[in-house]
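Enquirer:
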Amino acid sequence: MTGQDLDNKHGAKAETVRHRLLFACLGNICRSPMAEGIFRRVAEEEGLAHLFDLDSAGMGDWHKGQAPDHRAQKAALARGVDISGQSARKVELEDFEEFDLILAMDGSNIADLEDIAPHGARHKIRRFLDFAPHVPEQDVPDPYYGGEAGFDHALDLIEAAAKGLFSELTQKDGGPSQS
Ligand code: 4NP
Numbered sequence: 286m287t288g289q290d291l292d293n294k295h296g297a298k299a300e301t302v303r304h305r306l307l308f309a310c311l312g313n314i315c316r317s318p319m320a321e322g323i324f325r326r327v328a329e330e331e332g333l334a335h336l337f338d339l340d341s342a343g344m345g346d347w348h349k350g351q352a353p354d355h356r357a358q359k360a361a362l363a364r365g366v367d368i369s370g371q372s373a374r375k376v377e378l379e380d381f382e383e384f385d386l387i388l389a390m391d392g393s394n395i396a397d398l399e400d401i402a403p404h405g406a407r408h409k410i411r412r413f414l415d416f417a418p419h420v421p422e423q424d425v426p427d428p429y430y431g432g433e434a435g436f437d438h439a440l441d442l443i444e445a446a447a448k449g450l451f452s453e454l455t456q457k458d459g460g461p462s463q464s
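In my numbering, the protein residues as written are 286 to 464.
#1: Tell me the DSSP secondary structure of Ser317 in three-state form.
#2: Beta-carbon separation of Ala342 and Ser372 under 8 Å?
#3: With a threshold of 8 Å on Cβ separation, who are the neighbours of Asp385 within its own chain once the five nearest residues in sequence on each side are excluded?
#4: Should Arg356 be listed as close to the ligand 4NP, given that the test is whether its C-beta is under 7 Å from any heavy atom?
#5: What residue ranges within the stretch 381 to 418 form continuous alpha helix (DSSP H) runs of no fewer than 4 residues, ordered along the chain?
#6: Is Asp424 closer than 8 Å to Leu440 when the C-beta atoms are compared?
#7: Going by DSSP in three states, Leu306 sits in which element: helix, strand or coil?
#8: At a cut-off of 7 Å, is Asp441 close to the ligand MN when judged by its beta-carbon and the heavy atoms of the ligand?
#9: Should Leu311 be counted as a contact of the ligand 4NP given a C-beta to heavy atom distance under 7 Å?
#10: Using only the heavy atoms of the ligand 4NP, determine whether one of them is closer than 7 Å to the beta carbon of Arg412.
#11: Between the stretch 325 to 336 and the stretch 449 to 457, do three or more beta carbon pairs fall short of 8 Å?
#12: Compute the minimum distance between the beta carbon of Arg374 and the heavy atoms of the ligand 4NP, and state whether it is under 7 Å.
#13: Our contact map puts Phe416 next to Val327 with C-beta atoms below 8 Å; I'd like the distance itself, whole angstroms only.
#14: Is any heavy atom of the ligand 4NP found at a distance shorter than 7 Å from the C-beta of His438?
#15: From Asp354 to Arg325, what distance separates their C-alpha atoms?
So, in structure tokens, the structure goes:
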């Protein structure tokens, strides 16, 4: 562990271990940008955003350089999260070096990530909803071809997983207890 102790809003001590998290989906314009934005808000609300390097990426580069889908922006903003500044990109080989965890939105993303992961980096690929064990779904459904309700449902799942992931990472560091 490195760095000094800081007080978070609970008054608990949290080591300044940085976590580098990459959220991944297929197109990087719907689910993973929402996941990045929601996770950032969770960390900000706990006063621990400085502990995280966050980014998102997709398996394809069809939307390279584009802002998130307007429906994703609208649904996230309705929950107080502005994701308009994000820009789509493809997952690159270097991401397996630069990030500690790559959080896949669905099983297809996991398979695609495992196909390109360098030897010894597969353990960094995690199913995002594994951090929300109380929700029955395993996959964040792709809302791209559906209506606005699909974005809200995706956000419900993403919020649950973001809180679970934040809790797991910060508790491991001696951060806030989630009693
Ligand atoms: P996402 O949704 O993976 O949640 O960003 C998609 C966005 C675009 C496409 C597929 C999924 N597409 O095929 O263009």
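Where a beta carbon is used, it is the ideal one built from N, C-alpha and C, also for glycine.
Expert: Based on what the coordinates show:
#1: helix
#2: no
#3: His304, Arg305, Leu306, Lys409
#4: no
#5: 392 to 401
#6: no
#7: strand
#8: The ligand MN is not part of this structure, which contains only the ligand 4NP.
#9: yes
#10: no
#11: yes
#12: no
#13: The pair is not a contact, with the Cβ atoms about 11 Å apart (cut-off 8 Å).
#14: no
#15: 19 Å
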